[in-house]
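Chemist:
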Amino acid sequence: MAAAPPGSPQDRSRFMREALRLASESARAGGGPFGAVVVKGGEIIARGANRVTASRDPTAHAEIEAIREACRVLDSFQLDGCDVYSSTEPCPMCMGALYWARPERVFYASGREVAARAGFDDQFIYDELARPVGERRLETRPLAIEGSGEEFDAWAEYEGRVEY
């Protein structure tokens, strides 16, 4: 059996309530009904709400907004020692970003099925990503030209690089 996450159940509920408050506030303002918070050391260090329509940015999901703010606060590109609380199970894009950001844990209140019933159905993305590249609806194919791959040689040769 996995160990219980740090913090009391009351703290975890408080953090999730804040994510849900942000989601409801966003929905009432005409945005997507999604909110997220990043917690470190028992304190909320960043908040995010869906800003896709307000910012005209399809990547402005609550989790992405919270990750960006937390990284500014921490002056880091990783969320070491942090937990993320999301009002809804993160979509494939947000899960990718969360994996790259490397928080300790991600908690969510509602599953993807609840979001789908409200018209936010990401299942087609999950299905598309499982298809071979040549069979996806979004045409995706390699286009290697002379010099392709040299950017990785430059990366390998740069002594000051920061691994991630």
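In this note's numbering, the protein residues as written are 865 to 1028. The beta-carbon is built from N, C-alpha and C at its ideal position, and this holds for glycine as well.
With a threshold of 7 Å on Cβ separation, who are the neighbours of residue 929 within its own chain once the five nearest residues in sequence on each side are excluded?
Modeler: As a working note, residue 929 is residue 65 in the sequence shown. Around residue 929: 912, 913 and 915.
Chemist: What does the alpha-carbon distance come out to for the pair residue 883 and residue 953?
Modeler: Taking the sequence shown and counting its residues from 1, one reaches residue 883 at position 19. Taking the sequence shown and counting its residues from 1, one reaches residue 953 at position 89. In a straight line, the C-alpha of residue 883 is about 12 Å away from that of residue 953.
Chemist: Can you name, in chain order, every residue of its own chain whose Cβ lies under 7 Å from the Cβ of residue 890, other than the five neighbours on each side?
Modeler: In the sequence shown, counting from the first residue as 1, residue 890 sits at position 26. Around residue 890: 896, 897, 898, 899, 913 and 914.
Chemist: Considering residue 896, what are the terminal residues of the beta strand (DSSP E) in which it resides?
Modeler: Taking the sequence shown and counting its residues from 1, the one referred to as residue 896 is at position 32. No beta strand (DSSP E) contains residue 896, which DSSP labels as neither H nor E.
Chemist: Could you pull the DSSP bridge partners for residue 947 from this structure?
Modeler: In the sequence shown, residue 947 corresponds to position 83, counting from 1. Paired residue(s): 903 and 969.
Chemist: I need the straight-line Cα distance from residue 956 to residue 942, nearest angstrom please.
Modeler: Walking along the sequence shown from the start, residue 956 turns up at place 92. Walking along the sequence shown from the start, residue 942 turns up at place 78. Rounded to whole angstroms, residue 956 to residue 942 spans 19 Å at the Cα level.
Chemist: Report yes if the CB atom of residue 970 is closer than 8 Å to the CB atom of residue 951, and no otherwise.
Modeler: Counted from its first residue, the sequence shown places residue 970 at position 106. Counted from its first residue, the sequence shown places residue 951 at position 87. Taking 8 Å as the Cβ cut-off, residue 970 and residue 951 do not qualify as a contacting pair.
Chemist: Alpha carbon to alpha carbon, what distance is there between residue 1008 and residue 877?
Modeler: For the purposes of this step, residue 877 is taken as residue 13 along the sequence shown, with counting starting at 1. For the purposes of this step, residue 1008 is taken as residue 144 along the sequence shown, with counting starting at 1. Roughly 50 Å between the two C-alpha positions.
Chemist: Within the same chain, show all residues whose beta-carbon is closer than 8 Å to that of residue 901, passing over the 5 residues directly before and after it, in chain order.
Modeler: Within the sequence shown, numbered from 1, the residue matching residue 901 stands at position 37. Taken in chain order, the residues that qualify are 879, 882, 883, 886, 908, 910, 911, 912, 930, 948 and 949.
Chemist: Considering only the alpha carbon of each residue, which of 975, 892, 904 and 999 lies closest to residue 871?
Modeler: Counting from one through the sequence shown, the residue named residue 871 turns up at place 7. Of the candidates 975, 892, 904 and 999, the one whose C-alpha sits nearest the C-alpha of residue 871 is 904.
Chemist: Go ahead and pull the three-state DSSP assignment for residue 917.
Modeler: The residue given as residue 917 occupies position 53 in the sequence shown. Helix.
Chemist: For residue 982, name the three-state secondary structure that DSSP assigns.
Modeler: Within the sequence shown, the letter at position 118 stands for residue 982. Reduced to three states, the DSSP call for residue 982 is coil.
Chemist: Which one or two residues does DSSP pair with residue 974 in a beta bridge?
Modeler: As a position in the sequence shown, residue 974 is number 110, starting the count at 1. Residue 974 pairs with 952.
Chemist: Work out the CA separation of residue 963 and residue 875 for me, nearest whole Å.
Modeler: In the sequence shown, counting from the first residue as 1, residue 875 sits at position 11. In the sequence shown, counting from the first residue as 1, residue 963 sits at position 99. The alpha-carbon atoms of residue 875 and residue 963 are separated by roughly 24 Å.
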